[in-house]
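Report on the following structure.
There are 2 protein chains.
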Amino acid sequence: MSTDTAATTPLAERSPEELQAYLEEQREAYAALCERGLTLDLTRGKPSSAQLDLSDRLLSLPDGITDADGVDVRNYGGLTGLRELREMFAELLWVDPDQLVAGGSSSLTMMHDVLVQHLLHGGLDSPRPWKDEEKVTFVCPVPGYDRHFTMLASYGIEMVSVPMLADGPDVAAVEAIVRDDPSVKGMWVVPTYANPAGSVVTQEVASRLASMPAAASDFRIFWDNAYALHHLTADEAKSADILSLASAAGHPHRPIMFASTSKITYAGAGVAFLAASRENIAAYLGHQQFASIGPDKVNHLRHIQFFGSAQGVRDHMARHREILAPKFAAVDAALTAELDGLGIAEWTRPAGGYFVSLDVPDGCAARVVALAKAAGIALTPAGASFPHGQDPRDRNIRLAPSFPQLAEVETAMAGVATCVALAAAEQLTAVG
Amino acid sequence: MSTDTAATTPLAERSPEELQAYLEEQREAYAALCERGLTLDLTRGKPSSAQLDLSDRLLSLPDGITDADGVDVRNYGGLTGLRELREMFAELLWVDPDQLVAGGSSSLTMMHDVLVQHLLHGGLDSPRPWKDEEKVTFVCPVPGYDRHFTMLASYGIEMVSVPMLADGPDVAAVEAIVRDDPSVKGMWVVPTYANPAGSVVTQEVASRLASMPAAASDFRIFWDNAYALHHLTADEAKSADILSLASAAGHPHRPIMFASTSKITYAGAGVAFLAASRENIAAYLGHQQFASIGPDKVNHLRHIQFFGSAQGVRDHMARHREILAPKFAAVDAALTAELDGLGIAEWTRPAGGYFVSLDVPDGCAARVVALAKAAGIALTPAGASFPHGQDPRDRNIRLAPSFPQLAEVETAMAGVATCVALAAAEQLTAVG
Numbered sequence: 001m002s003t004d005t006a007a008t009t010p011l012a013e014r015s016p017e018e019l020q021a022y023l024e025e026q027r028e029a030y031a032a033l034c035e036r037g038l039t040l041d042l043t044r045g046k047p048s049s050a051q052l053d054l055s056d057r058l059l060s061l062p063d064g065i066t067d068a069d070g071v072d073v074r075n076y077g078g079l080t081g082l083r084e085l086r087e088m089f090a091e092l093l094w095v096d097p098d099q100l101v102a103g104g105s106s107s108l109t110m111m112h113d114v115l116v117q118h119l120l121h122g123g124l125d126s127p128r129p130w131k132d133e134e135k136v137t138f139v140c141p142v143p144g145y146d147r148h149f150t151m152l153a154s155y156g157i158e159m160v161s162v163p164m165l166a167d168g169p170d171v172a173a174v175e176a177i178v179r180d181d182p183s184v185k186g187m188w189v190v191p192t193y194a195n196p197a198g199s200v201v202t203q204e205v206a207s208r209l210a211s212m213p214a215a216a217s218d219f220r221i222f223w224d225n226a227y228a229l230h231h232l233t234a235d236e237a238k239s240a241d242i243l244s245l246a247s248a249a250g251h252p253h254r255p256i257m258f259a260s261t262s263k264i265t266y267a268g269a270g271v272a273f274l275a276a277s278r279e280n281i282a283a284y285l286g287h288q289q290f291a292s293i294g295p296d297k298v299n300h301l302r303h304i305q306f307f308g309s310a311q312g313v314r315d316h317m318a319r320h321r322e323i324l325a326p327k328f329a330a331v332d333a334a335l336t337a338e339l340d341g342l343g344i345a346e347w348t349r350p351a352g353g354y355f356v357s358l359d360v361p362d363g364c365a366a367r368v369v370a371l372a373k374a375a376g377i378a379l380t381p382a383g384a385s386f387p388h389g390q391d392p393r394d395r396n397i398r399l400a401p402s403f404p405q406l407a408e409v410e411t412a413m414a415g416v417a418t419c420v421a422l423a424a425a426e427q428l429t430a431v432g
Numbered sequence: 001m002s003t004d005t006a007a008t009t010p011l012a013e014r015s016p017e018e019l020q021a022y023l024e025e026q027r028e029a030y031a032a033l034c035e036r037g038l039t040l041d042l043t044r045g046k047p048s049s050a051q052l053d054l055s056d057r058l059l060s061l062p063d064g065i066t067d068a069d070g071v072d073v074r075n076y077g078g079l080t081g082l083r084e085l086r087e088m089f090a091e092l093l094w095v096d097p098d099q100l101v102a103g104g105s106s107s108l109t110m111m112h113d114v115l116v117q118h119l120l121h122g123g124l125d126s127p128r129p130w131k132d133e134e135k136v137t138f139v140c141p142v143p144g145y146d147r148h149f150t151m152l153a154s155y156g157i158e159m160v161s162v163p164m165l166a167d168g169p170d171v172a173a174v175e176a177i178v179r180d181d182p183s184v185k186g187m188w189v190v191p192t193y194a195n196p197a198g199s200v201v202t203q204e205v206a207s208r209l210a211s212m213p214a215a216a217s218d219f220r221i222f223w224d225n226a227y228a229l230h231h232l233t234a235d236e237a238k239s240a241d242i243l244s245l246a247s248a249a250g251h252p253h254r255p256i257m258f259a260s261t262s263k264i265t266y267a268g269a270g271v272a273f274l275a276a277s278r279e280n281i282a283a284y285l286g287h288q289q290f291a292s293i294g295p296d297k298v299n300h301l302r303h304i305q306f307f308g309s310a311q312g313v314r315d316h317m318a319r320h321r322e323i324l325a326p327k328f329a330a331v332d333a334a335l336t337a338e339l340d341g342l343g344i345a346e347w348t349r350p351a352g353g354y355f356v357s358l359d360v361p362d363g364c365a366a367r368v369v370a371l372a373k374a375a376g377i378a379l380t381p382a383g384a385s386f387p388h389g390q391d392p393r394d395r396n397i398r399l400a401p402s403f404p405q406l407a408e409v410e411t412a413m414a415g416v417a418t419c420v421a422l423a424a425a426e427q428l429t430a431v432g
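Quick mapping for you: the protein sequence lines, in order, are chains A and B.
At position 404 of the first sequence (counting the first as 1) the number is 404 in this note's numbering, and the numbers step up by one without a gap.
At position 210 of the second sequence (counting the first as 1) the number is 210 in this note's numbering, and the numbers step up by one without a gap.
Quick look at the structure:
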């Protein structure tokens, strides 16, 4: 058996002696890794400096102080946000401008506001405020976005996991849960290039989510379209038109869509958006008026002038892609070089978004993260993509290659691959 | 009796014939007013364009993308806000920087966040979340800020009014309510140049509010220091140091202070602040972390560079004063010219803030507002400064002279004075 062939024989098919030799190899490789004294970070889906630089013309905008309607953007008012900005992003998100609110800098805050409104007031079709329900449950596709889950946990909302598949949440599983349990008031969906697996919800899955019977009259889909425009290839996914689908299915108030420019312009100083049925928008603003006199319209005007048009946003995203795509290619290359064919790792090759989802053998994820940490490579804690941070199979690791430089991604991912190989070899050679 | 004397004889001391003649005069004056076809607006406490212009250097800031600590302000993170900005405003608000959070653009939003946290989680000294209390009551000094009251009303929180006096809330009345009723969980105080009466809470009143026994262990003072630096005269009021007073009195978690640059830089695009005990700050951030990854730090850096220092803020406020003080003088001059000595109106001559509080004869405020509206002068609805918009005596009108030009203030206020005179004369001559 040549060395080349050995390298691609699945570990599970190797003899104890071969495995022991592989383990020793990986121990040596890991020791060498540790000696390099790396300090690298693949933890969070943050844009890199080079990406942020793309938007630095914002720093000296806006020119002037009024928008196209003559509004002095410096003063109070205008809870729905500037019209031009809403029109620009309505086109990009496939909604009507009057179904879209442009808010502050954080879509997470808008999600929280909507959740709080439902807790304290209920939705427009709620029998009572959710705080007065004996139990509130959300369906959580996993792996998913940790901040979605921690927000729910902070309010004691129960979470029921369903698998996130390549075409979206396991819709049969969702249907069964939602149909029978009136405590199920909502679900999270990241429809486009989902965090972390990169899945894109298909039209068919979206249609079933929009139309499925729900025991709760006020069942909500929190449709977090955070990566709607964040393509990594020329094959640009189109997000399903959930508002129209839900409306056509007789559940117009079910979906509430969120988006932002956090990963288009500045992560801390972009503009967030909320889209929903006109009635939901009215309800949202009806509550929001007690909490705000209006969003930062200067920042709205800044963004209007920076982009110029919806096409300007698309062109801008192409420049992000030029920076990001090589980093994602580096992740794939490093994992492929070290792990392909060994049967110990599967990972996504996303066509967009900010993450790669890496599955290692059951029971190995926490070990991989610990090994990486000891070698100076920070990874998101194992389990972070699951409710309460608990991955029942301890196998999923979220990789975020956007923030480090390309060379750092290459170095870090080669190290991660070594950690995976070592952890898998340890497990396969463990006595008992 | 000369005409001059007649003009300053209280209406109540005049004969029926004299009153009838006065009524006719005012009717003629009002008819002439209506013929002018005015369109003037004294409704809201908005900065004028000239005031906003003072901050227009913000439009081309920040220079650079990092703060003094090397933080890239464009990216995610930093829930407490930039250190330099917190230090600058800590000095101005007489708090420690580590007791101060610099947030988004709206202090109203921060107030709402704190209220919602207490409703859904309770405070750190609450026996249970406020949502689980049978009743929650707030003490509301009146006249006060309408948005404070509508926020409470939106959550069904009961409001008990106490008079706002020249030295602050009627503290004996507050003490009696707070001592005996465990449902009383909080109160609003605008300590400096209060909306609308311009009162300044004295050190003595603040001390009693800080130390008074409360039936509720988690009684909160929402200390909205919106006008802390907004002086109209050289006699600059110092806000009482409520955090220290409360701490010394053994109630460190009682006050939560709010402030913002909404009326310092841009009303829609400033920076808001929250100050409280370290434990309260930790509790606030502990909840807030689920709703936000951090505030707009680019706007923080913009403000740091614009002001330069705390003294830069004070210097900037002096320029606001130059614009605002003549408008407030015009309000006083117009009311004095028409109404002084007639015994039908009292108004404040505030040393700061954004409002003049005008009291007309009981039962006349709504009539005055209606007359003004018909003459093209928009005033805040009568009763707006009271819970549920109900002034039990229908006598208070809030005047907001900041937004119109000086000449417009003069014209509008002469008109308002005519409306007051007419309404009072109508009432005094009414049969029955």
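Note that beta-carbon positions come from the ideal geometry of N, C-alpha and C, so glycine has one too.
Given residue i, which residues of its chain have a CB within under 8 Å of its CB, disregarding the five upstream and five downstream residues?
| i | result |
| --- | --- |
| residue 61 (chain B) | 301, 302, 305 and 306 |
| residue 202 (chain A) | 167, 168 and 240 |
| residue 40 (chain B) | 376, 377, 378, 404, 408, 411, 412 and 415 |
Can you tell me whether DSSP reads residue i as helix, strand or coil?
| i | result |
| --- | --- |
| residue 220 (chain A) | strand |
| residue 347 (chain B) | strand |
| residue 378 (chain A) | strand |
| residue 188 (chain A) | strand |
| residue 158 (chain A) | strand |
| residue 264 (chain B) | coil |
| residue 307 (chain B) | helix |
| residue 293 (chain A) | coil |
| residue 387 (chain B) | helix |
| residue 404 (chain B) | coil |
| residue 54 (chain A) | coil |
| residue 181 (chain B) | coil |
| residue 106 (chain B) | coil |
| residue 199 (chain B) | coil |
Any idea if residue i is buried or exposed, counting beta-carbon neighbours within 10 angstroms, 16 or more meaning buried?
| i | result |
| --- | --- |
| residue 4 (chain B) | With a pLDDT of 47 at residue 4 (chain B), under the threshold of 50, the modelled position of that residue is not reliable, and no figure is offered here. |
| residue 408 (chain B) | buried |
| residue 192 (chain A) | buried |
| residue 388 (chain A) | exposed |
| residue 103 (chain B) | buried |
| residue 49 (chain A) | exposed |
| residue 418 (chain B) | buried |
| residue 32 (chain B) | exposed |
For residue i, which residues from the same chain have a beta carbon less than 7 Å from its beta carbon, with the 5 sequence-adjacent residues on both sides left out?
| i | result |
| --- | --- |
| residue 213 (chain B) | 179 |
| residue 346 (chain A) | 359 |
| residue 165 (chain B) | 199 |
| residue 147 (chain B) | 108 |
| residue 294 (chain B) | 76, 77, 78 and 79 |
By DSSP's criteria, residue i is part of a beta bridge. Which residues make up the other side?
| i | result |
| --- | --- |
| residue 72 (chain A) | A:66 |
| residue 163 (chain B) | B:142 |
| residue 357 (chain B) | B:398 |
Near residue i, which residues of its chain fall below 6 Å by C-beta distance, leaving aside the five closest residues on each side in sequence?
| i | result |
| --- | --- |
| residue 367 (chain B) | 423 |
| residue 19 (chain B) | 428 and 429 |
| residue 94 (chain B) | 241 |
| residue 344 (chain B) | 11, 361 and 424 |
| residue 54 (chain A) | 319 |
| residue 233 (chain A) | 351 |
Stretch-stretch touch, CB-based, cutoff 8 Å, three pairs: the stretch 275-295 of chain B with the stretch 52-68 of chain B: Touching, no, given that fewer than three Cβ pairs across the two stretches are closer than 8 Å.
Taking contact to mean at least 3 C-beta pairs separated by less than 8 Å, is the stretch 338-347 of chain B in contact with the stretch 179-196 of chain B? No, the stretch 338-347 of chain B is not in contact with the stretch 179-196 of chain B.
Hey, is the stretch 319-326 of chain A in contact with the stretch 383-395 of chain A, meaning 3+ C-beta pairs nearer than 8 Å? Counting Cβ pairs under 8 Å, fewer than three are found: no touch.
Could you tell me whether the stretch 213-225 of chain B touches the stretch 251-258 of chain B, where touching means 3 or more Cβ pairs closer than 8 Å? With a cut-off of 8 Å, the stretch 251-258 of chain B and the stretch 213-225 of chain B count as touching, because enough Cβ pairs lie within range.
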